[in-house]
Structure formats: C-alpha cells, structure tokens
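Colleague:
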C-alpha cells in the first residue's frame, strides 16, 4: 500500500527523473544511497523560528506526539485552525493559487504537480520565488 501511495503522490515522477532513456524503463534502478536517504528523512524539521512539514500539524497536539498521517496528509483541520503552534509552520501538500500566508502558517504549494508554478520561500525575509 505504501508503494502505491508513493506512486500516486508524485513517486512516478520521482522515479522517472532517474531514467536515462525512455526505452529502458524496465531497467530503472534507483541508487541504493538515494533509497536509504529517502527512507531516513524526518517527517518534520524544526528551527528556532519555524517548523517545516509536508502537509501540516494536528492542532493542539504537541510536535513530538504528531501522527505520521497528519504530518503527511492533513489539510482542512490544520489550514483552518487558529491554533498557535509556537512557531511559524511552513508547509506544502495543499495547493493554492498564491502562497498562503497567515500569522503562524505559510503554505508554499502552488500546484506544480498540476502543471502550475513551483514556489519556494526565502526566510526570514518571507520572499517568494516561483518558476
């Protein structure tokens, strides 16, 4: 199930980026060092001012008690929450036409998966760049 979820949510594009020749797809091999790197990534990254996470955080749940499913999949309960997470949360997963900015949340997913722009943020200036 995890492999299917990976493929549905952009994994196919990731794997395709490793292809050197389209006619050799059946021989596609991701380097073991890349697999190991992906397997050991943290589900969030925290600094003094920010929490970086794929999808968001469950409101009112301490950071060290967040569930993997929320860190990777949560949408509305996080986005519409006014809960103060103690730091600004930088997140993706839910696409917006423009970066989503509130007092304690910044969403930088501008729909690149759907053919729209890819956006990143320069911190602490909160300057956005899109391609």
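Numbering (my numbering), first residue to last: 21 to 151.
Ideal Cβ positions, reconstructed from N, Cα and C, are used throughout, including at glycine.
When the Cβ atoms of the segment 81-88 are set against those of the segment 108-121, are three or more pairs found closer than 8 Å?
Modeller: Touching, no, given that fewer than three Cβ pairs across the two stretches are closer than 8 Å.
Colleague: Which residues does DSSP list as the beta-bridge partners of residue 67?
Modeller: Translated into positions along the chain shown, residue 67 becomes position 47. Bridge partners of residue 67: none, in fact.
Colleague: Just confirm the distance between the C-beta atoms of residue 74 and residue 58, as a whole number of angstroms; I'd bet it's less than 8 Å.
Modeller: One-based indexing of the chain shown puts residue 74 at position 54. One-based indexing of the chain shown puts residue 58 at position 38. At roughly 13 Å, the Cβ-Cβ gap does not stay under 8 Å, so residue 74 and residue 58 are not in contact.
Colleague: Got a sec? Which residues, its chain only, sit under 7 Å from residue 86 by beta carbon, not counting five neighbours each side?
Modeller: As a first step, residue 86 must be located in the chain shown, where it is residue number 66. Closer than 7 Å at Cβ, skipping near neighbours: 77 and 78.
Colleague: Please state whether DSSP places residue 103 in a helix, a strand or coil.
Modeller: Counting from 1 along the chain shown, the entry for residue 103 is found at position 83. Looking at residue 103 - three-state DSSP - the assignment turns out to be coil, as it is neither helix nor strand.
Colleague: Could you work out which residue in 148, 150, 143 and 50 is closest to residue 70 when comparing CA atoms only?
Modeller: Counting from one through the chain shown, the residue named residue 70 turns up at place 50. Residue 143 is the option with its Cα nearest to residue 70.
Colleague: Buried or exposed: which applies to residue 129, given that a residue is buried once 16 or more other Cβ atoms fall within 10 Å of its Cβ?
Modeller: For the purposes of this step, residue 129 is taken as the residue at position 109 of the chain shown. Looking at its Cβ environment, which holds 16 or more other Cβ atoms inside 10 Å, residue 129 is buried.
Colleague: Are the CB atoms of residue 138 and residue 151 within a distance shorter than 8 Å?
Modeller: Taking the chain shown and counting its residues from 1, one reaches residue 151 at position 131. Taking the chain shown and counting its residues from 1, one reaches residue 138 at position 118. Cβ atoms of residue 151 and residue 138: closer than 8 Å.
Colleague: Alpha carbon to alpha carbon, what distance is there between residue 102 and residue 26?
Modeller: For this step, residue 26 is matched to residue 6 along the chain shown. For this step, residue 102 is matched to residue 82 along the chain shown. Computed Cα separation, rounded: 30 Å.
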